[in-house]
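For the sequence shown, my numbering assigns the number 1 to the initial residue and increments by one for each residue that follows.
Notes to accompany the following structure.
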Amino acid sequence: MPQEKTSTPALSPDINPEAGVQTDALDLIATAVLLLDRDLRLRQLNAAAESLFAMSPRHVLGQRLVELFFDSALLEEKLAVTIQSGRGFSDQSLRLTRPGHEPLLLNCIVTPFEPGPGVLQQGGLVLEFRHIEQQLRHEREEQRLTQHEANRVLIRNLAHEIKNPLGGLRGSAQLLERELDRPELREYTQVIIKEADRLQMLMDRLLAPHRMVQRAPVNIHEVCERVRSLILAEFPSGIRVVRDYDVSLPEFQGDREQLIQAVLNITRNASQALLASPTPEGGARITLRTRAAWQTSIAGRTCRLALELQVVDNGPGIAAELRERIFLPLVSGREGGTGLGLTLAQSFVQNHRGMIECESQPGRTAFRVLFPL
Ligand SMILES: Nc1ncnc2c1ncn2[C@@H]1O[C@H](COP(=O)(O)OP(=O)(O)OP(=O)(O)O)[C@@H](O)[C@H]1O
Ligand SMILES: [Mg+2]
Numbered sequence: 001m002p003q004e005k006t007s008t009p010a011l012s013p014d015i016n017p018e019a020g021v022q023t024d025a026l027d028l029i030a031t032a033v034l035l036l037d038r039d040l041r042l043r044q045l046n047a048a049a050e051s052l053f054a055m056s057p058r059h060v061l062g063q064r065l066v067e068l069f070f071d072s073a074l075l076e077e078k079l080a081v082t083i084q085s086g087r088g089f090s091d092q093s094l095r096l097t098r099p100g101h102e103p104l105l106l107n108c109i110v111t112p113f114e115p116g117p118g119v120l121q122q123g124g125l126v127l128e129f130r131h132i133e134q135q136l137r138h139e140r141e142e143q144r145l146t147q148h149e150a151n152r153v154l155i156r157n158l159a160h161e162i163k164n165p166l167g168g169l170r171g172s173a174q175l176l177e178r179e180l181d182r183p184e185l186r187e188y189t190q191v192i193i194k195e196a197d198r199l200q201m202l203m204d205r206l207l208a209p210h211r212m213v214q215r216a217p218v219n220i221h222e223v224c225e226r227v228r229s230l231i232l233a234e235f236p237s238g239i240r241v242v243r244d245y246d247v248s249l250p251e252f253q254g255d256r257e258q259l260i261q262a263v264l265n266i267t268r269n270a271s272q273a274l275l276a277s278p279t280p281e282g283g284a285r286i287t288l289r290t291r292a293a294w295q296t297s298i299a300g301r302t303c304r305l306a307l308e309l310q311v312v313d314n315g316p317g318i319a320a321e322l323r324e325r326i327f328l329p330l331v332s333g334r335e336g337g338t339g340l341g342l343t344l345a346q347s348f349v350q351n352h353r354g355m356i357e358c359e360s361q362p363g364r365t366a367f368r369v370l371f372p373l
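Put into structure tokens, the structure is as follows:
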């Protein structure tokens, strides 16, 4: 239910629409802001509103909300009441749809203001909008980052603790083996040695993301091509790896080996999932897609320009019970999987101030890796 607000602030002269200060100041705000006059015509909007509603001021100024959104009739009625009563309100789940666009679920605060100088001489309404999904995504992202950081520290400490005694274990088993007079007993020492080696390898993998990042100019397409040839060599038949590159993307500073490993882990999972299930119609396919992404949010920061790499497969999708946990260490849905592939990929990408997102349903799984440029 909308909540009543009672404030009726006057628009102070220093944010006079004609003073030229206001436009710039409003553009600095991340919240989308619309200013309506008393006839509920749009008189001003900030940059965040332009981007949220995909509208350019040239086309929308002077129009009424019902001319801009399919579903704003009810909102307009409430706004008309607000103009009369002078009492603002807020709506926690407002739905607005621009023609040709997906509906937006919004948080909206409406505040009337009294007559002042400038364009809005007769007073009007300030409408502030926040995109709920975006807000939720930010929160989820932040939560994931904190969790990942805690995991990183835990894993590093644990891996070190396990690694140290392993050398002693292996060495002692070797010494013992030499002293054994009955060869059939070697079977037991060999088990100790082999298992120690397996654990050692696992620990080395766990500690890999913590080595120093060696930065040099990297071309993302070289990374993709290397992954593509590795995958085609590892899975010689049955999978098509399609390239969809934006070749105009610039090089960026990164650690080539870590990036290859990250993309390989994601792409290898896709290949394994494809081969473990019935071949989809049209054949098993993985697409490596690169694009420039503008104004994206990466780890809670808005990034003007980012490089986006998508790894999309047409396989069975990630099992529903795993979907929320695949980036956690030792989570695996695969026979023989260690559940480290995505944890490592995530760490490698975070070493580059980037992030990985995932969307999955049967027939389409997309991993999206973003790096700030
Ligand atoms: N494209 C995909 N399609 C279906 N399931 C996937 C996909 N990518 C990941 N998964 C699921 O996520 C799980 C975790 O992946 P992750 O790479 O972290 O571990 P793993 O592949 O099981 O083991 P490892 O990579 O360490 O050998 C996988 O076991 C699989 O169940
Ligand atoms: Mg894997």
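Beta carbons: idealized from backbone N, C-alpha and C, even for Gly.
Closer than 8 angstroms: residue i CB and nearest ligand 1 heavy atom
i    : result
L166 : no
I266 : yes
G384 : The question about residue 384 has no answer here: the residues shown for the chain are numbered 1 through 373.
P112 : no
A47  : no
V331 : yes
G363 : no
D71  : no
P316 : yes
Cα-Cα separation, residue i to residue j
i    : j    : result
V213 : T290 : 23 angstroms
R353 : R285 : 29 angstroms
R186 : L344 : 36 angstroms
L169 : A273 : 37 angstroms
N151 : N314 : 31 angstroms
R98  : F70  : 6 angstroms
P330 : L206 : For clarity, residue 330 is Leu in the given sequence; the question names Pro instead. Each residue's alpha carbon lies about 11 angstroms from the other.
T111 : Q295 : 28 angstroms
V153 : T338 : 19 angstroms
R364 : E281 : 12 angstroms
P209 : I356 : 15 angstroms
E222 : I231 : 14 angstroms
E141 : Q147 : 10 angstroms
S237 : N265 : 19 angstroms
V311 : A49  : 31 angstroms
A270 : F89  : 49 angstroms
F371 : G300 : 13 angstroms
I193 : L328 : 29 angstroms
E251 : F113 : 50 angstroms
E234 : V227 : 10 angstroms
R240 : G283 : 8 angstroms
G333 : E321 : 9 angstroms
R304 : V191 : 54 angstroms
E133 : Q174 : 59 angstroms
Beta-carbon proximity list for residue i, same chain, < 7 angstroms, skipping 5 on both sides
i    : result
H131 : L52, L104 and L106
L249 : I220, T290, A292 and L307
L34  : L42, L45, A49 and L127
P115 : Q121, Q122 and G123
T82  : G88, F89, V110, P112 and L125
Of the residues the options, the one placed nearest residue i, counting alpha carbons only
i    : options                   : result
N46  : A306, L127, L166 and L202 : L127
T31  : V153, Q135 and R334       : Q135
G124 : G86, S93 and F367         : G86
A196 : P217, K163, E179 and V218 : K163
G317 : L42, E359 and G254        : E359
V66  : D37, L96 and E142         : L96
D27  : D37, P57, R38 and D39     : P57
A262 : P362, R178, C224 and K78  : C224
Contact test: residue i Cβ vs ligand 2 heavy atom, cutoff 8 angstroms
i    : result
Q272 : yes
N219 : no
I205 : With the sequence shown as reference, residue 205 is identified as Arg, and Ile is not the correct amino acid for it. The answer is no for R205.
L342 : yes
R215 : no
R334 : yes
G337 : yes
N107 : no
Bridge partner(s) assigned by DSSP for residue i
i    : result
V110 : F89 and L127
M355 : L370
E308 : R291 and L370
T302 : S297
F252 : V218
D313 : I286 and T365
I239 : A284
L96  : L104
D37  : G124
Chain-order list of residues whose beta-carbon lies under 8 angstroms from that of residue i (same chain, five-residue window excluded)
i    : result
N351 : P209, V213, D255 and Q258
L68  : L42, F53, M55, V60 and R98
L202 : T338 and L340
R325 : V331
L391 : The shown model of the chain, from 1 to 373, leaves out residue 391, and the question about it has no answer.
G171 : none
Cβ shell of residue i (< 6 angstroms), same chain only, five flanking positions each side left out
i    : result
R368 : Q310 and E357
S229 : none
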